[in-house]
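Asks: For the record, in the sequence shown the residue sitting at position 166 is 850 according to the working numbering, with numbers rising by one throughout.
We put the CB at the ideal spot given by N, CA and C, even for glycine.
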Amino acid sequence: MAAMDKQKKTQFQKDDIVTVTIEDISSDGDGIGKADGFTLFIKDAVMGDTVTAKLMKIKKGYGYAKLLDIVKPSPFRTAPRCELARKCGGCQIQELDYDRQLEFKEKKVHDVLVRLGGFPEEVVARASHPIVGMEDPYRFRNKQQLPVGEKDGKPVAGFYASHTHCIVPVSDCMVGAEENQRITATILDWMKRYEIPAYSEETGEGLVRHILIRSGVYSREIMVCLVVNGTQLPHEEELVEELAVLPDMTSISLNTNTAKTNVIMGKKVRTLWGKDTIEDSLHVSNVEYRGGKACFEEAHRQVTFQLSPLSFYQVNPKQAERLYSIVRYDAKLTGKEVVWDLYCGVGTIGCFLAADAKEVYGVEVIPDAIRDARKNAEENHINNVTFHVGKAEEVVPEYVEKRVKAENRRSRKGLVDVVVVDPPRKGCDEKCLQTILEVEPKRIVYVSCDPATMARDCKVLADGGYELASVQPVDQFSHSVHVETVVLMSRKDK
Ligand code: SAH
């Protein structure tokens, strides 16, 4: 048996050409199939395809192959709307039918909750709701950050090819706004005309690094920010003149980033023309579950936000409204609750929930975000929210200690009714989770952009006395492998 296994591993060599039927899809979006029992990962192959592929890399027990030809296309295969879909690293599964993309994401969430979260299959199945998909999975992004470089002596802007820093020039990204084309073309023309050099990551020389374009879906305001390796631009006035006349242009600014880093934005922004910020709003809807499926009623309230080039803001605003509406549904607020909004960014969730809570306490590590959060609350006349700067795992335990001492409490319980966490990909810190368990909120609403770390953290919460009450995936990024999830963990009655 062992000898046979060994034979299987070594029978193929690099550059061999194989025919494979694709049976599954990896968490990175690659097609997975077997050639004589040997598992192969093939980029751009779709579940159900029969393809020929060339072996590129052989590992112990599996390998990577390059798609050569589709012998028999899958019924789930669809023509990508973007001709650069395979080259560009932005989309991984654009050739998979959108309904199949949604199925893949639902399964991804289900599987990690079972495998990493340790929840029994039937518990996950009972708690899970069908994913909230998009009506139109194109043209949804409100923000685009295009790296600028040079090809054949000409300035280009686009996206990085997957796993590289090579720019694939893109003139019209199908998930971005249509008007971005004209803005990008205007900037590239200006660079050509005045011989403004693009920045080079290798040498650290040159000027223009990135083009940031952001638009408000409701306000229709557009912001352009040029990220440059310097504080001044030659022919700045000419650039401003040409950009300012484009429809809906509201703000033009310059961001200075002189560091040799792959972090896109520097800290300093100078407005060249128009307003410093653009405005957008989020609409609050009631949710009703019909036949297990989330249905969104007409919005009855809105919260407005001022966005600077540096603020973090959800990039798919329509789906963000639904995500937050689900958070609000899970939080089951009656106006009497104390709510924590941990990892709060610019306070979007806290401001969204404030009208239905007694008090909201937001925590975020980036001071600028907290400054924006306070401004957002003020401008929306929300006065039952306070925001605190620091790491959740440090600020929250200190706050709890302080309250216990100040109020001479015998127990930590009852300080908070509902906790919302929305951590970055790495999930919550252990200390943060332990503090939440100590104060025993009735409900914990976990908003996640990485199902694996979410499953790991939910296991900790389950071991601490909470049950998996609801799992609601939301598609925020069609054609990519990413999935956002709202999980409700409810305190078990003792
Ligand atoms: N809830 C917000 C932001 C979510 S993104 C929204 O919906 O818009 C996650 C946020 O967590 C980021 O703003 C990031 O700066 C912040 N963050 C990262 N690590 C943190 C930590 N240890 N403590 C508090 N906030 C943190």
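(1) So, for Val924: in the same chain, excluding its five sequence neighbours on each side, which residues have a beta-carbon less than 7 Å away from its beta-carbon?
(2) Closer than 7 Å: is that where the CB of Gly1029 sits relative to any heavy atom of ligand 1?
(3) Please report the straight-line C-alpha distance between Glu1043 and Ser758, rounded to a whole angstrom.
(4) Under 7 Å Cβ to Cβ from Leu1172, same chain only, skipping five residues before and after it: list those, please.
(5) Between which two residues does the beta strand (DSSP E) carrying Lys718 extend?
(6) Going by Cα to Cα distance, which pick from Leu891, Tyr883, Glu885, Gly713 is closest to Lys789?
(7) In the DSSP assignment, what are the bridge partners of Tyr748?
(8) So does Glu1122 have its beta carbon nearer than 7 Å to some heavy atom of ligand 1?
(9) Considering only heavy atoms of ligand 1, does any lie closer than 7 Å to the CB of Thr1032?
(10) In three-state DSSP terms, what is Val854?
(11) Determine the direct distance from the alpha carbon of Arg1055 to that of Val1165, and round the result to whole angstroms.
(12) Can you tell me whether Glu1021 is buried or exposed, with buried defined as 16 or more other CB within 10 angstroms of its CB?
(13) Taking the CB atoms as reference points, tell me whether Lys756 and Ile701 lie closer together than 8 Å.
(14) For the region 1005-1019 against the region 1097-1114, are there 3 or more C-beta pairs whose distance is under 8 Å?
(15) Apply the 10 Å Cβ neighbour rule to His849 and answer buried if 16 or more other Cβ atoms are within range, or exposed otherwise.
(16) Sorted by chain position, which residues of the same chain lie with C-beta nearer than 7 Å to Leu768's C-beta, five sequence neighbours on each side aside?
(17) By how many angstroms is the C-alpha of Arg825 removed from the C-alpha of Gln865?
(18) Between which two residues does the beta strand (DSSP E) containing His1072 stretch?
(19) Between the C-alpha atoms of Cys1142 and Pro1135, what's the straight-line distance to the nearest angstrom?
(20) I'd like to know whether the C-beta atoms of Ala1053 and Ser995 end up nearer to each other than 8 Å.
(21) Rounding to the nearest angstrom, what Cα-Cα distance links Ala1146 and Ser1095 in this structure?
(22) With DSSP as the reference, label Gln990 as helix, strand or coil.
(23) Provide the residue span of the alpha helix (DSSP H) that contains Val1100, from first to last.
(24) Within the continuous beta strand (DSSP E) that includes Phe1036, where are the two ends?
(25) Looking at ligand 1, does it come within less than 7 Å of Gln998, judged from the CB to the closest heavy atom?
(26) Under 7 Å from any heavy atom of ligand 1, does the C-beta of Asp1113 make it?
(27) Under a Cβ-count criterion, where at least 16 other Cβ atoms within 10 Å of its own Cβ denotes burial, should Ile706 be classed as buried or exposed?
(28) Give the single residue among Gly774, Thr961, Val968, Gly801 whose Cα lies nearest to the Cα of Asp728.
Replies: By the coordinates alone:
(1) Ile936, Leu956, Trp957
(2) Because some heavy atom of ligand 1 lies under 7 Å away, the Cβ of Gly1029 counts as near it: yes.
(3) Straight-line Cα distance between these residues: approximately 53 Å.
(4) Asp1014, Arg1127, Val1129, Ala1153, Ser1154
(5) 715-719
(6) Gly713
(7) Phe725, Lys741
(8) no
(9) Checking the Cβ of Thr1032 against ligand 1 gives yes.
(10) coil
(11) So the two alpha carbons sit approximately 33 Å from each other.
(12) buried
(13) Contact: no.
(14) yes
(15) exposed
(16) Val852, Val854
(17) 14 Å
(18) 1069-1073
(19) Each residue's alpha carbon lies about 10 Å from the other.
(20) Cβ atoms of Ala1053 and Ser995: closer than 8 Å.
(21) 21 Å
(22) Looking at Gln990 - three-state DSSP - the assignment turns out to be strand.
(23) Counting along the chain, Val1100 falls outside any alpha helix (DSSP H), and DSSP gives it neither H nor E.
(24) From DSSP, Phe1036 is part of no beta strand (DSSP E) but of the alpha helix (DSSP H) over 1032-1037.
(25) yes
(26) yes
(27) Around the CB of Ile706, 16 or more other CB atoms lie within 10 Å, so the residue is classed as buried.
(28) Gly774
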